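Q: Just so we're aligned: the sequence shown equals residues 1 to 626 in my numbering.
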Amino acid sequence: MRKLIVLVIGLIAWTLTSAQTANTEKGKISGKLTSTDGKAVAAATVSLQKTADNSLVKAVVSNTTGQYELESIAYGDYSLEISYVGFEKSVKKIKVESKQTTADFTLIASSKALGEVVVKSKKPLIEVKADKTVFNVESSINAQGSNALELLSKSPGVLVDNNENISVKGKTGTKIYVDGKMMQLDNKDLAAYLKSINSNDIEAIEMITNPSAKYDASGNAGIINIRLKKNKKYGTNGNLNLGYVQGITPKANGSVALNYRDKKINLFSNVGGNLGNYNERLDLYRIQSDSLFDQHSRNVYKDKSVNAKVGADLFLDSKNTIGVMATANFNDNTWLGNSNTNIYYQPTGEYVKQLKAFNTIPGSRTNANFNGNYRYADTSGKTINVDADYGLFRGAGRSYQPNNYYSPTGNLLYQLIYRNSTPTDIDIYTIKADVEINKWKGKLGYGAKAAYVRTKNTFDFYNVIDGNDVKQLGKSNSFDYKENVNAAYINYNRQLNAKWGLQVGLRAEQTNSEGVLTRADGQHQTDDKVKRNYLDFFPSGALTWTVDKKNTLNLTYSRRIDRPTYQDLNPFENKLDELTYQKGNAFLKPQYTDNVELTHTFMGFINTTLNYSHVKDYSTMITDTA
1 MRKLIVLVIG
11 LIAWTLTSAQ
21 TANTEKGKIS
31 GKLTSTDGKA
41 VAAATVSLQK
51 TADNSLVKAV
61 VSNTTGQYEL
71 ESIAYGDYSL
81 EISYVGFEKS
91 VKKIKVESKQ
101 TTADFTLIAS
111 SKALGEVVVK
121 SKKPLIEVKA
131 DKTVFNVESS
141 INAQGSNALE
151 LLSKSPGVLV
161 DNNENISVKG
171 KTGTKIYVDG
181 KMMQLDNKDL
191 AAYLKSINSN
201 DIEAIEMITN
211 PSAKYDASGN
221 AGIINIRLKK
231 NKKYGTNGNL
241 NLGYVQGITP
251 KANGSVALNY
261 RDKKINLFSN
271 VGGNLGNYNE
281 RLDLYRIQSD
291 SLFDQHSRNV
301 YKDKSVNAKV
311 GADLFLDSKN
321 TIGVMATANF
331 NDNTWLGNSN
341 TNIYYQPTGE
351 YVKQLKAFNT
361 IPGSRTNANF
371 NGNYRYADTS
381 GKTINVDADY
391 GLFRGAGRSY
401 QPNNYYSPTG
411 NLLYQLIYRN
421 STPTDIDIYT
431 IKADVEINKW
441 KGKLGYGAKA
451 AYVRTKNTFD
461 FYNVIDGNDV
471 KQLGKSNSFD
481 YKENVNAAYI
491 NYNRQLNAKW
501 GLQVGLRAEQ
511 TNSEGVLTRA
521 DGQHQTDDKV
531 KRNYLDFFPS
541 GALTWTVDKK
551 NTLNLTYSRR
561 IDRPTYQDLN
571 PFENKLDELT
581 YQKGNAFLKP
591 QYTDNVELTH
601 TFMGFINTTL
611 NYSHVKDYST
621 MITDTA
């Protein structure tokens, strides 16, 4: 009997212990909320109730990607309820019996009228995502009444200097995109175009320091993508924007936009202009053989430009859209250079003579781009985008350069006068297709692109003798450059849960290029014709960890390429003054950069970044005094 009592007590104790252990086992419930058209539903309330007594266990709100997560949930039977204004309430019975339980919901729009209830949601000012940082312009009070260039100067990590050059985190050469299309403009024309975009027309600015495989691999400084608001208002609307800046020199800009939209068509147009003077300064101190040159240059760049855009979108049905768009930029400019160079005999320091050079370079540029596009989007989240573009650049450059040599006492010793003409023609043809689908609980993207560039550059050099231009055949040339880049990519992006986001991708680019130098004197050298053919692979990846409501960590990696420009490849001399010239190198190789970046974001607006870059075949302009 005593043994039986002991055995029963032992069984009861074991049963109680097992029950206690079972009751303390806990799991996690997570999932994603989407609407019937495949879009994420943010800010929805997710409530968990016990089935036994309908008591509330826990409630959370879905994040911007529609993800939610309920942690430390004891094993058992529950009722999961989703509610959000404008959608019907959705309820699921679930059983938590493992460490991870997944429950996704597709919410159906409510057919009930809301009467006088108005629901407004506001995006955070700064969003840190796996592959980019997003500045939501709509959420910034300071963004009102400005233009795109001014907004860039206020964006995290972006610097716009006094000459309106744009850099990201100290790196120049940033590629600027508008609605996913790269702007093929030089710095001055790009600045003028950005100033024509009113801040009220901008939805967000994306800073992509390590771009995903979807984007071209060129450019070590990354990408800035400006997303414009989609005009959804029916009827006719427009806006006017004027700006004036007074610094050392005055600058002014203005633009006007006019749009029309109905159920079948969207018409849009914009025209803007820019006036401005820009100061430049160059100081050089160099020794060549027995001569020492102390050079000081003060230059003024006078700029006038007009840019325009016109386009149309035709909505074939709820899924298919075709569109056309044309953009153009017309620029007239003058570069005035004033250079004083004191020349010394280096061994003794004796002042020998002074060179005063005056360089006048009037020029004109025309950029134009013509685009045809097709877009497909369905309720499953699948999108297809096809773009075909033709772009052209026409430049007409001239210069007049008198060089006066004076004795130490100020007497004119002799004069040399040069004149040159530098017309440039560039044609760019591109076609690309991008596909994105919902796959493996994330977004899978893939696509291809083909681009062909043809440039023709002529450099005619003249000595001006007794007022007559005498062409110098040994200093004149034409340089033709052709480049074809074919690319394909695959990219995968997934929000793993409420805290972790992942993006990985791979891009392949094959480049075929040929540069041909034709010398006016008929002479030939080994670097007059250079051909290249190479295939490269560019992996990329990003991992985001939302530590808590205040802290986010973002780790990114990408491999990039910087191909030499046609001007960098032209081996002929281009005189800046009598003693200074620029010269390219036909044998320059592409420059490759591997970038790793760790970013910490605090409270959505304080960013701390640690960056490491490894560069192979680095190239830069150097001062050669040999």
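We put the CB at the ideal spot given by N, CA and C, even for glycine.
None of the values given here were measured: they were computed from a predicted structure.
Which of the three DSSP states, helix, strand or coil, is assigned to GLU436?
A: strand
Q: For VAL615, which residues from the same chain have a beta carbon less than 6 Å from its beta carbon, with the 5 sequence-adjacent residues on both sides left out?
A: In chain order, THR593 place their CB closer than 6 Å to the CB of VAL615, counting only its own chain and leaving out the 5 sequence neighbours on each side.
Q: Throw me the rounded Cβ distance for the LEU240 and VAL256 pair, which I believe falls under 8 Å.
A: 5 Å
Q: With distances taken Cα to Cα, identify the nearest neighbour of PHE479 among GLY584, GLN354, VAL46.
A: GLY584
Q: Assess contact between the segment 341–361 and the segment 398–405, defined as three or more Cβ pairs (one per stretch) separated by less than 8 Å. Is contact present?
A: yes
Q: How should GLY474 be labelled, buried or exposed, when 16 other C-beta atoms within 10 angstroms of its C-beta is the threshold for buried?
A: GLY474 comes out exposed.
Q: Pick out the complete alpha helix (DSSP H) segments inside the segment 37–70, 4 residues or longer, and give them in chain order.
A: none
Q: Less than 9 Å between the C-beta atoms of ASN136 and LYS195, yes or no?
A: Against a cut-off of 9 Å, the Cβ pair of LYS195 and ASN136 comes out as no contact.
Q: What residue range does the beta strand (DSSP E) around GLU88 cover?
A: No beta strand (DSSP E) holds GLU88; DSSP gives it neither H nor E.
Q: Return the Cβ separation of THR424 and GLY395 in integer angstroms, given the expectation that the two are a contact with Cβ distance under 8 Å.
A: 4 Å
Q: If you check the beta carbons only, do THR64 and ASN554 fall under 9 Å apart?
A: Going by beta carbons, THR64 and ASN554 fall outside the 9 Å limit.
Q: Could you pull the start and end residues of the beta strand (DSSP E) that ASN187 belongs to?
A: For ASN187, no beta strand (DSSP E) run applies; the uninterrupted alpha helix (DSSP H) run containing it begins and ends at 187–195, by DSSP.
Q: SER513 by DSSP, collapsed to three states: which one?
A: Here SER513 sits in strand by DSSP.
Q: If I'm right that ASN457 touches THR518 with Cβ under 8 Å, what's the distance once you round it to whole angstroms?
A: Between THR518 and ASN457 the Cβ distance is about 11 Å, and since that is not below 8 Å, they are no contact.
Q: Where does the unbroken beta strand (DSSP E) through SER153 begin, and where does it stop?
A: SER153 -> not in any beta strand (DSSP E); alpha helix (DSSP H) instead, spanning 148–154.
Q: Go ahead and pull the three-state DSSP assignment for GLY474.
A: Helix.
Q: Quick check on the burial criterion: 16 or more other C-beta atoms within 10 angstroms. Buried or exposed for LEU11?
A: Any reading at LEU11 must be qualified, since the residue scores a pLDDT of 36, below 50, and its modelled position is unreliable; no value is offered.
Q: So the candidates are LEU70, PRO590, LYS589, ASN570; which of them puts its Cα closest to the Cα of TYR581?
A: ASN570
Q: In angstroms with no decimal places, state the Cα-to-Cα distance between LEU228 and ASN611.
A: The alpha-carbon atoms of LEU228 and ASN611 are separated by roughly 30 Å.
Q: Taking PHE358 as part of the beta strand (DSSP E), name the residues at either end of that continuous run.
A: 350–377
Q: Do GLY372 and ASP387 have their beta-carbon atoms positioned less than 9 Å apart in this structure?
A: Contact annotation: ASP387 and GLY372 have beta-carbon atoms nearer than 9 Å.
Q: Mind checking whether ILE29 and VAL96 have CB atoms under 9 Å apart?
A: yes
Q: Which residue or residues does DSSP assign as beta-bridge partners of PRO250?
A: GLN246
Q: To which residues does DSSP link GLU483 through a beta bridge?
A: VAL453, SER513
Q: Does the count of Cβ pairs from the segment 410–420 and the segment 437–449 closer than 8 Å reach three?
A: no
Q: Consult DSSP for GLU25 and reduce its assignment to one of helix, strand or coil.
A: coil
Q: What whole-angstrom Cβ distance do ILE94 and TYR78 have, given they're in contact under 8 Å?
A: 6 Å
Q: Taking ASN200 as the reference, which of ILE322, ASN342, LEU149, LYS39 has the closest Cα?
A: Checking every option, the nearest Cα to that of ASN200 belongs to LEU149.
Q: Using C-beta distances below 6 Å, list every residue in its chain close to THR511, excluding the 5 sequence neighbours before and after it, in chain order.
A: VAL485, TYR534
Q: Under the three-state reduction of DSSP, which class applies to GLU206: helix, strand or coil?
A: Reduced to three states, the DSSP call for GLU206 is strand.
Q: Since TYR534 sits in a beta bridge, which residues does DSSP pair it with?
A: THR511
Q: Looking at the structure shown, is ILE97 part of a helix, part of a strand, or coil, going by DSSP?
A: One point to set straight first is that residue 97 is Glu, not Ile, in the sequence displayed. Correct three-state label for GLU97: coil.
Q: Do three or more CB pairs link the segment 487–504 to the segment 536–551 at distances below 8 Å?
A: yes
Q: Report buried or exposed for PHE538, applying the criterion of at least 16 other Cβ atoms within 10 angstroms of its Cβ.
A: buried
Q: For LEU569, does the three-state DSSP call read helix, strand or coil?
A: helix
Q: Give a yes or no on contact between the segment 365–385 and the segment 35–51, applying the rule of three or more CB pairs nearer than 8 Å.
A: yes
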